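Undergrad: One structure follows; several queries about it will come next.
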Amino acid sequence: MGQSNAIPADAQQAVKTVRPEAIRTHMSILANDSLKGRKPGTRGFAMAADYVVGQLKALGLQPAGENNTFRQNVPLRRWQVKESNSSLALVSNGRELPFTYGKQFILNPSPDNPNSDIMAPVIFVGYGVTAPDLGYDDYTGVDVKGKIVAFLNGAPATFPSNQRAYNSSSKAENAVAHGAIGTIAFSLPTDLRSRIETAAPRARQGITRWVDKDGKPKSTFPALKGAASISDSLAKLLFANAPTSFSEAMGQAMKNRPQAFPLNVSVHMKTQTDIAEDIAGFNVVAVLPGSDPALKNEYIVQVAHLDHLGVGRPVKGASTPGDSIFNGAHDNASGVAIMLETARLYASLSKAPRRSILFVGVTGEEMGLLGSDYFASNPTVPKDKIVANLTLDMPFFFHPLLDIVPYGAEHSSLNKEVKQAAAFLGVQISPDPIPEQTVFMRSDHFSFVRQGIPALFIKSGSQTGNPNLDGTKLNLEWRATIYHTPQDDMNQPFDFNSAAKHAQLQFLVGYLTAQESQRPTWNKGDFFGTKFGKGNVGQ
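If you want it as structure tokens, here you go:
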């Protein structure tokens with residue numbers, strides 16, 4: 044451990060008491076078969092929540108949920124497409140050419156339009172991205188009002204990692220802003236991650252959203268009457284009458300050039316959306332009150348998601364034959380276990396940090412960051428008093444922790460605390476090794492970014508200390524083979540000393556931020572600070 048004048052003696056002492064074995068124990072309990080994959084609304088999720096509350100209570104933390112409890116209710120609702128009453132057809136010269144659901148196309152449920160039926164011309168809009176800050180706009184020179192837009196998944200590879208992530212996932216919003224009534228998404232032939240074959244089984248589970256007091260779903264786009272994802276072969280057919288060929292358009296996209304033109308074809312899209320179920324979701328919320336008379340009314344929120352995917356079909360190659368329990372050991376029993384050990388480090392201090400520390404175990408992350416979005420939108424403390432968020436989700440500790448990728452650090456003053464903590468722990472800071480995975484959008488910290496709150500998402504970097512072991516390759520292989528399968532259990536080669544270092548990082552960054560007299564600010568002119576920061580931007 045490096046010495047650093049920036050770290051007070053009390054915090055240095057707390058850091059040394061970290062317990063790798065405690066993280067292993069918490070993980071083993073949370074990823075146990077008896078919790079049946081911790082799906083929201085199930086007994087297994089409630090068991091996980093009870094365990095976390097019990098641990099936080101034992102540390103002397105106080106309830107910070109609703110009505111002086113450790114719980115915040117999150118009303119969830121799931122919608123599904125009724126496939127037998129839904130269809131997609133190309134319309135050319137007055138004739139309809141229908142396609143096969145699940146093979147050539149899938150439709151997104153439309154909660155706001157349960158029986159939608161649209162027919163409109165299709166306009167190709169490249170990646171469907173408008174990024175004026177980067178001098179890029181796929182909608183230049185086309186009018187898509189009342190039309191269906193077709194676009195490629197992803198975003199230009201020339202974009203900085205986190206803006207690439209943001210623009211990849213805000214296309215429905217952008218289409219609506221330009222007046223479109225429907226969307227059709229497909230992948231570059233070289234993009235193997237978003238194929239319809241892999242997307243269809245997940246899509247068939249429908250979408251879940253949190254609903255407000257009036258039962259209205261949040262984060263939906265009522266103006267969009269239809270949204271489809273289509274196969275490569277159907278994408279090529281869409282371009283049959285286009286002024287630019289399919290391969291030429293793909294070539295332009297690969298060169299990251301904006302493009303838009305009518306495809307000279309219409310699409311008829313019918314979507315019947317049914318309410319599949321209501322789920323009584325909930326978050327767990329506890330607080331360690333701060334010690335400063337004024338600053339204790341401000342909060343640093345440490346988050347990890349409690350939920351996983353529940354029980355599915357048995358998967359070939361699982362460590363137990365016929366295993367169908369998605370234990371979610373790394374995703375995200377690991378983050379919750381590290382959060383509990385981080386809470387213990389805080390609780391062991393002789394004097395609490397100046398600001399209060401909130402610990403939130405959120406629900407519905409796997410359904411689209413729902414529990415964190417609900418909390419960040421309806422926090423159990425005043426929203427303007429939340430000064431920072433640290434989220435932990437699959438930090439990746441299959442090798443020693445020699446470097447970290449602190450997603451979000453480059454956007455705000457939190458970079459200072461990250462550097463201090465990393466220097467003290469002897470950990471290097473590295474850039475995002477896998478920008479195409481759009482990691483910055485994919486976990487609960489982004490719910491806080493959307494509310495204008497500076498946030499951090501720290502993951503392991505690629506260094507392993509072993510010249511024959513490439514950390515990025517290991518990470519991508521894990522994502523391709525173990526992620527979201529029953530094999531994400533405790534029979535993996537976890538390095539718990541590395542996990543303990545993650546707990547030390549979470550504690551030190553949070554502690555240093557809690558001690559600062561000034562609350563964190565977005566960097567001047569920062570993309571996310573400007574978009575969401577509501578004036579909390581540094582000079």
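For the sequence shown, my numbering assigns the number 44 to the initial residue and increments by one for each residue that follows.
Note that CB positions come from ideal geometry on N, CA and C, so glycine has one too.
Just so it is clear, the structure is predicted and the values come from calculations on it, not from any experiment.
#1: Mind checking which residues open and close the beta strand (DSSP E) that includes residue 225?
#2: Inspect the beta-carbon positions of residue 302 and residue 128 and report whether they are closer than 8 angstroms.
#3: Is there contact between the region 469 to 485 and the region 531 to 541, where contact requires at least three CB pairs shorter than 8 angstroms?
#4: Could you give the C-beta distance for residue 329 and residue 99, rounded to a whole number, given that I count them as a contact under 8 angstroms?
#5: Let me check understanding here. Comparing Cα to Cα, which of 232, 565, 558, 280 lies closest to residue 132?
#6: Relative to the alpha-carbon of residue 456, which residue among 223, 498, 116 has its alpha-carbon at the smallest distance?
#7: Give the DSSP-derived three-state secondary structure of residue 582 in the structure shown.
#8: Can residue 78 and residue 70 be called in contact, C-beta distance under 8 angstroms?
#9: Suppose the cutoff is 8 angstroms on Cβ atoms and the five residues either side in sequence are ignored; what does the same chain contact list for residue 446 look like?
#10: Within a Cβ cutoff of 6 angstroms, which residues of the same chain sit near residue 112, ignoring the five residues on either side of it in sequence?
#11: With distances taken between CB atoms, is the gap from residue 174 to residue 481 smaller than 8 angstroms?
#12: Since I believe residue 488 is in contact with residue 421 (beta carbons under 8 angstroms), could you give me their beta-carbon distance rounded to a whole number of angstroms?
#13: Could you check which residue in 549, 369, 320 has the C-alpha nearest to that of residue 402?
#14: Using the DSSP secondary-structure output, state which residues sit across from residue 194 in a beta bridge.
#15: Is it buried or exposed, residue 380, if we count other Cβ atoms within 10 angstroms and call 16 or more buried?
#16: Got a sec, what are the start and stop residues for the alpha helix (DSSP H) residue 381 sits in?
#17: Under a three-way DSSP split, which group does residue 104 fall into?
#18: What do you reckon, are the CB atoms on residue 299 and residue 201 nearer than 8 angstroms?
#19: Is it the case that the Cβ atoms of residue 96 and residue 413 are separated by a distance below 8 angstroms?
#20: At a cut of 8 angstroms, does the region 52 to 64 reach the region 349 to 358 through at least three beta carbon pairs?
#21: Going straight from the alpha carbon of residue 265 to that of residue 220, what length do you get?
#22: Under the three-state reduction of DSSP, which class applies to residue 158: helix, strand or coil?
#23: In angstroms, rounded to a whole number, what distance separates the CA positions of residue 170 and residue 233?
#24: Can you give me the C-alpha to C-alpha distance between residue 277 and residue 230, rounded to a whole angstrom?
#25: Roughly how many angstroms separate the alpha carbons of residue 297 and residue 165, rounded to a whole number?
#26: Return the chain-ordered ranges of every beta strand (DSSP E) run that is complete within the region 53 to 119 and spans a minimum of 3 residues.
#27: Pick out the complete alpha helix (DSSP H) segments inside the region 530 to 582, 4 residues or longer, and give them in chain order.
#28: Out of 443, 206, 561, 529, which has the shortest C-alpha to C-alpha gap to residue 179?
#29: Less than 8 angstroms between the CB atoms is what I'm expecting for residue 122 and residue 249, so what's the real figure, rounded?
#30: Residue 312 lies in the beta strand (DSSP E); which residues open and close that run?
#31: Tell me where the alpha helix (DSSP H) around residue 491 begins and ends.
#32: Per DSSP, what are the beta-bridge partners of residue 239 in this structure?
#33: For residue 513, does the three-state DSSP call read helix, strand or coil?
#34: Would you call the region 139 to 149 and the region 180 to 198 in contact, with 3 or more CB pairs under 8 angstroms?
#35: Just list the residues that DSSP pairs residue 450 with in beta bridges.
#36: Helix or strand or just coil, what does DSSP make of residue 172?
TA: Looking at the coordinates:
#1: 225 to 229
#2: no
#3: no
#4: 4 angstroms
#5: 280
#6: 498
#7: Unreliable placement is indicated for residue 582, whose pLDDT of 42 sits below 50; the coordinate value is still reported in the next sentence. Residue 582: coil per DSSP, three-state reduction.
#8: no
#9: 470, 471, 472, 473, 503, 504, 505, 506
#10: 106
#11: no
#12: In fact, because the Cβ distance is near 17 angstroms, the residues do not count as touching under 8 angstroms.
#13: 549
#14: 228
#15: buried
#16: 377 to 390
#17: coil
#18: yes
#19: no
#20: no
#21: 12 angstroms
#22: strand
#23: 14 angstroms
#24: 11 angstroms
#25: 21 angstroms
#26: none
#27: 539 to 558, 570 to 575
#28: 206
#29: 5 angstroms
#30: 304 to 331
#31: 488 to 493
#32: Note: residue 239 sits in no beta bridge, so no partner.
#33: coil
#34: no
#35: 500
#36: coil
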